[in-house]
């Protein structure tokens, strides 16, 4: 068995074991390393991002979505000639299509998507990790040697209100790509009330681009496939012009962040948590022990105009 194949199966088995332990309540000792790298704490992460933003240096701050990661690891095996049933499994489960928005539904599209994720992983500077199955394998094989890894919530500035990385957005031209741009625009007008007494949401030149929504069974007839939609958002973003991009656009976020970094930009892929930066509630966080306590009278739900049919297909409507 090749070392690549052995590493792949070892990571898969370890991931399943960890998932079982978590489910039955077994807690492992907290490790200081992961995927062969030292885990940076919240302060180190915030300071690194801030300094990059202050200097105007290209940076990719990101996370792997669960469905995207599963397909990437499955595509890696498929390309290397083993465990081909894995990619077929994710094709049949359809989560990558309905939750993450990859389209159309085909094995070829999934393999191509996985290859995109593999290639883009080389651009990562900071990765928020969450011990998902196969995450360590993908990091070790495709991530850069100098990659900073940190806990997933370390990317979210409200966890460090006294020294948030986001205060370095002040005075910059910030592009937000999200399905909720109407609500974000309205919320930003009352930004001082969202995180009162902090610099989490500073004064900047807000630019907005509505994300292509291709999850939840939505069909956007402008595009023949996911890659055309990705290119559209990249080109529109570059036309708008920006210093920093905040990305909350499902499976498009990670590849867009990589493309933006290659273009000399700064990209922060917060995923679904992007809406929280603008005080937009979601069912996922309504009972969260930390985030629900941030809610105040200035926080709102996404506007009715930014609902669409079948929202419950996307992770049970957790963003609304």
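In the working numbering, the protein residues as written are 209 to 528.
Every residue gets a Cβ at the ideal spot worked out from N, C-alpha and C, and that includes glycine.
Because the structure is a prediction, the values reported are computed rather than measured.
Query, Result
"Mind reading off the beta-carbon distance from residue 279 to residue 298? Whole number of angstroms is fine, and I expect it under 8 Å.", "5 Å"
"Taking the alpha helix (DSSP H) that residue 332 falls in, what are its first and last residues?", "From DSSP, residue 332 is part of no alpha helix (DSSP H); its letter is neither H nor E."
"Where does residue 150 fall in DSSP's three states?", "In the structure displayed, the chain extends from 209 to 528; residue 150 sits before or after that span and is not available."
"Taking contact to mean 3 or more Cβ pairs, one atom from each stretch, closer than 8 Å, check whether the stretch 247 to 255 and the stretch 360 to 372 are in contact.", "yes"
"To which residues of the same chain is residue 350 closer than 7 Å at the C-beta, ignoring the five residues directly before and after it?", "326, 329, 330"
"Can you tell me which of the three DSSP states residue 357 falls into?", "strand"
"Which whole-angstrom value describes the C-beta separation of residue 454 and residue 382, a residue pair presumed to lie in contact below a C-beta threshold of 8 Å?", "6 Å"
"Have a look at residue 352 and residue 505 and give me their C-alpha separation to the nearest angstrom.", "43 Å"
"Nearest to residue 181 by CA position, among 221, 215, 228, is which residue?", "Outside the displayed range of the chain (209 to 528) lies residue 181, so it cannot be described from this structure."
"What first and last residue would you give for the alpha helix (DSSP H) that runs through residue 231?", "211 to 232"
"Taking the continuous alpha helix (DSSP H) assigned at residue 270, which residues delimit it?", "Segment 267 to 271 is the beta strand (DSSP E) holding residue 270; no alpha helix (DSSP H) there."
"Relative to the C-alpha of residue 474, which residue among 210, 458, 380, 367 is closest?", "380"
"Does the stretch 414 to 425 come into contact with the stretch 437 to 445, if we say contact requires no fewer than three beta-carbon pairs (one atom in each stretch) closer than 8 Å?", "yes"
"Three or more C-beta pairs closer than 8 Å, one from the stretch 359 to 368 and one from the stretch 390 to 397: is that the case here?", "no"
"Given this structure, state the Cα-to-Cα distance separating residue 558 from residue 356, to the nearest angstrom.", "Past the edges of the chain, shown from 209 to 528, lies residue 558, and the structure says nothing about it."
"Helix or strand or just coil, what does DSSP make of residue 301?", "helix"
"According to DSSP, what are the bridge partners of residue 381?", "413"
"Quick check on residue 400: buried or exposed, where buried means 16 or more other Cβ atoms within 10 Å of its Cβ?", "exposed"
"For the structure I just gave you, are there three or more beta carbon pairs, one from the stretch 330 to 348 and one from the stretch 218 to 225, closer than 8 Å?", "yes"
"Applying the 10 Å Cβ sphere with the 16-neighbour rule, what's the burial state of residue 471?", "exposed"
"Just the C-alpha distance for residue 291 and residue 465, rounded to the nearest angstrom, thanks.", "30 Å"
"Grab the span of the beta strand (DSSP E) containing residue 474 for me, first residue to last.", "474 to 477"
"So, does the CB of residue 456 fall closer than 8 Å to a CB anywhere in chain B?", "As a matter of chain content, chain B is missing from the structure shown, which is built from one protein chain."
"Run through DSSP, which three-state label would residue 241 get?", "strand"
"Since residue 488 sits in a beta bridge, which residues does DSSP pair it with?", "508"
"Less than 8 Å between the beta carbons of residue 229 and residue 387, yes or no?", "no"
"Using 8 Å as the threshold, is the C-beta distance between residue 376 and residue 261 below it?", "yes"
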